[in-house]
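Colleague: Going by the working numbering, the first residue of the sequence shown is number -4, and it counts up by one from there. Just so you know, even glycine gets a beta-carbon here, dropped at the ideal spot from N, CA and C.
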Amino acid sequence: MMKYLFKSSLFVFFLLFFLNSFSQDTYFSLGNAIPSTGRFFSGFKRVYTFDATRSYPLNYNPGINPDSTRGLRPMVINIWYPVKIKTASTFAYTQYLQFENADPKWKNFLTRLEHYQEVTIKENGFRYTKVNDTVEENILFNKLKQSKVAASLNATVAEGIFPLVIYQPSLGGTIEENALLCQYLAANGYVVISAAYQPDNGVRIGPDWDLERAEADVDYLVEYAQEHLPVDTNNIHLLGYSFGAQSVFNLLAKGRKFVSAVSLDSRLEYSFDYAPRGFKDLPDRLLSHVKNITQPVLLFTNEEATYKLVDSFVFANRYYMPLHFLEHHDYASTREISNYWVAAIKNKDRELLEKTQDYISMCEHVLAFLNFYTQPQNRKRDFLFPKRSRSRFAEHVPRGSNGNRTAADVIQTPRQLLLTANKIGVNHAKEIYKQQQMSFSEDFFNNYAYHLVGKDKGSMAIQVLVWAVEIYPNSANLFDSLGEIYFSEKEYVKSASSFRRSLALNPSNKNAIEYLKKLGQVK
């Protein structure tokens, strides 16, 4: 196995290679004698095929063509794979966004898919940035399409049999949303495949909440890879982002025999009651089949994750990797490219550059994790986080443990603090929060307080919000919430004081006005 640090530097090279035309004054350092390729180079090809077991209305187009006649389900598959040497020229990113097939049966679907890809990437990666200039953001998006990627088109695959990674995109995501990560894994000896996860009814293009559809699509990808690609059928791993990660959990709960799984911010880690909006039965489904979830799981989130659901996966090794700067949308490589470019425009904006470094760190840890568990002798061993890590609160919860801590002196992560706050008291929690240099957002404090209210812990919820407004003294929303909970606890004087403070910070706060009217009638 190549040394981890070499692979880390190689990924930095790939990212720089992708961004090379933007600025000579780059934030990243290549160091000395970094080779232009690793043990492999990345190859890429796209396959157009049909799944004969399912059907799809190929001609249907909302508002344009009402024809809902169903034909074989189209499967557009992206494949990244190892190439021994660079045997073909690299291509512009726009190649990822264009779909070409001479068969007329594909025309309607591919036209819609191409439009969806471009609109989605522009919205998710190149809108509402710190540039705050639509014209400038459009220039950056067009630059993305023209930029060369670190992969060769249709190059000859390297000799050998390789581990397979199935990548599942996010809700409303795109087929290539983590192309940088996929290229990186391919250059380090993995075959990575992903597909356009179109819903069955043809109403929209892009992933939806349908777990069964996602499950069948993964089955098809596995079968395709086993038949057509040089993959080790005993060495298949799952990698998913957002809804894609949720569908990974669903597959594990179904007892599928994958080697390991990686979750990129599934969103199930954050909700105190873990009930996702799209399908509220998923937690129950997972928990009722928790004995099936035995594979090691690497979970990326930001530092406010509670992990309440995955703490229940007690038959699996779980590796929690909170990254400070990455928000949910930052787990797509197109967003990180945007962050890097906007940072240059904004005079090397530190937060955006840190986001890019966190993304690189994420990719490095995915590779290290997969490298460890692709080795059969490691399947029952514990993965060790690489020493070179940007996560301040990385944590391993071993099989048989739900991650609870009973003693205050072992609390080291935000998750542990929240799990024990009701036992050790809010004042002690505040001390640990400060000692461990934790950082919770306004929304997180607010959500936690209302979670406590739902558990009939209104008094503790008030303590949490009093703590929160010490950190965010200018938050109208936190004072508004504090006023509501004081009201529910019948502490009317304090409630009125909190609402008046909220109204002073936000004079248009109608909720505060209505409550103050009520409080005028309270005796």
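Check each candidate in Pro225, Asp214, Asn366 and name the one with the smallest Cα separation from Phe154.
Modeller: The question names Phe, but residue 154 is Glu in the sequence shown. Cα-wise, what sits closest to Glu154 is Pro225.
Colleague: Indicate whether Ile288 and Val254 have their beta-carbon atoms separated by less than 8 Å.
Modeller: no
Colleague: Please determine if the segment 177 to 195 and the segment 132 to 140 are in contact, where contact requires at least 3 C-beta pairs separated by less than 8 Å.
Modeller: no
Colleague: Using DSSP's beta-bridge definition, name the partner residues of Ile288.
Modeller: Residue pairing by DSSP leaves Ile288 without any beta bridge partner.
Colleague: With Gly38 as the anchor, note down where its beta strand (DSSP E) starts and where it stops.
Modeller: 36 to 51
Colleague: Below 8 Å on the Cβ atoms is my guess for Val292 versus Ser258; work out the distance and round it to an integer in Å.
Modeller: 6 Å
Colleague: Quick check on this structure: which residue in Tyr314, Lys100, Gln112 has the alpha carbon closest to the alpha carbon of Thr89?
Modeller: Nearest in C-alpha terms to Thr89, of all of Tyr314, Lys100, Gln112, is Gln112.
Colleague: Does the beta-carbon of Thr151 have 16 or more other beta-carbons within 10 angstroms, so that it is buried, or is it exposed?
Modeller: exposed
Colleague: How would you label Ala491, buried or exposed, when you count the other beta carbons within 10 angstroms and need 16 or more for buried?
Modeller: So Ala491 ends up on the buried side.
Colleague: For Ala87, which of helix, strand or coil comes out of DSSP?
Modeller: Three-state result, Ala87: strand.
Colleague: Determine the burial state of Thr228: buried for a count of at least 16 other Cβ atoms within 10 Å of its Cβ, exposed for fewer.
Modeller: exposed
Colleague: Flag this pair as yes or no: are the beta carbons of Leu180 and Phe39 separated by less than 8 Å?
Modeller: Not in contact: Leu180 and Phe39 (Cβ atoms no closer than 8 Å).
Colleague: With DSSP as the reference, label Gly395 as helix, strand or coil.
Modeller: coil
Colleague: For Phe295, write down the residues that DSSP places opposite it in a beta bridge.
Modeller: Paired residue(s): Leu259, Met316.
Colleague: Please determine, among Glu118, His110, Asp212, the residue with the shortest C-alpha to C-alpha distance to Pro69.
Modeller: Asp212
Colleague: Among Phe238, Asp279, Glu222, whose alpha-carbon lies nearest the alpha-carbon of Ala248?
Modeller: Asp279
Colleague: Using the Cα positions of Met316 and Val488, report the straight-line distance between them to the nearest angstrom.
Modeller: 43 Å
Colleague: Identify which residue in Lys125, Pro164, Leu365, Asn441 has its Cα closest to the Cα of Pro519.
Modeller: Residue 519 is absent from the structure shown; the chain starts at -4 and stops at 518.
Colleague: Within the continuous alpha helix (DSSP H) that includes Val361, where are the two ends?
Modeller: 345 to 368
Colleague: Check the C-beta distance from Asp377 over to Tyr354 and give it rounded, since I have them as a contact under 8 Å.
Modeller: In fact, because the Cβ distance is near 26 Å, the residues do not count as touching under 8 Å.
Colleague: Let me know the secondary structure DSSP gives Gln163 once reduced to three states.
Modeller: strand
Colleague: Compute the distance between the beta-carbons of Phe238 and Leu282, then report whether it is under 8 Å.
Modeller: no
Colleague: What's the call for Lys252, buried or exposed, on a 16-neighbour Cβ count within 10 Å?
Modeller: exposed
Colleague: Take Phe94 and list the residues in its own chain whose beta-carbon comes closer than 7 Å to its own, dropping the five residues that flank it on each side.
Modeller: Val71, Leu105, Leu108, Glu109
Colleague: What span of residues does the beta strand (DSSP E) with Leu67 cover, start to end?
Modeller: 66 to 78
Colleague: Evaluate contact between the segment 460 to 473 and the segment 492 to 505, counting only Cβ atoms and requiring at least three cross-stretch pairs below 8 Å.
Modeller: Result yes; three or more Cβ-Cβ pairs closer than 8 Å.
Colleague: According to DSSP, Lys143 sits in a beta bridge with which residue or residues?
Modeller: Ala87
Colleague: Is it buried or exposed for Ala540, if we count other Cβ within 10 angstroms and need 16 for buried?
Modeller: Summary: the structure shown does not reach residue 540, with the chain confined to residues -4 through 518, and so no result is reported for it.
Colleague: Suppose you measure from the CA of Thr296 to the CA of Leu362; what does that come to, to the nearest Å?
Modeller: 17 Å
Colleague: Hey, out of Leu365, Asn73, Ser396, whose CA is closest to Glu172's CA?
Modeller: Asn73
Colleague: Pull up the DSSP beta-bridge partners for Phe157, would you.
Modeller: Val226.
Colleague: In chain order, what residues of the same chain lie with their CB nearer than 7 Å to the CB of Ala444, ignoring the 5 residues before and after it?
Modeller: Excluding residues within five positions, the ones whose Cβ falls inside 7 Å are Ala456, Val459, Leu460, Ser476, Ile480.
Colleague: Provide the residue(s) that pair with Val448 in DSSP beta bridges, ordered along the chain.
Modeller: Answer is none; Val448 lacks a bridge partner.
Colleague: Taking its Cβ as the centre, do 16 or more other Cβ atoms sit within 10 Å of Ser261, making it buried, or is it exposed?
Modeller: buried
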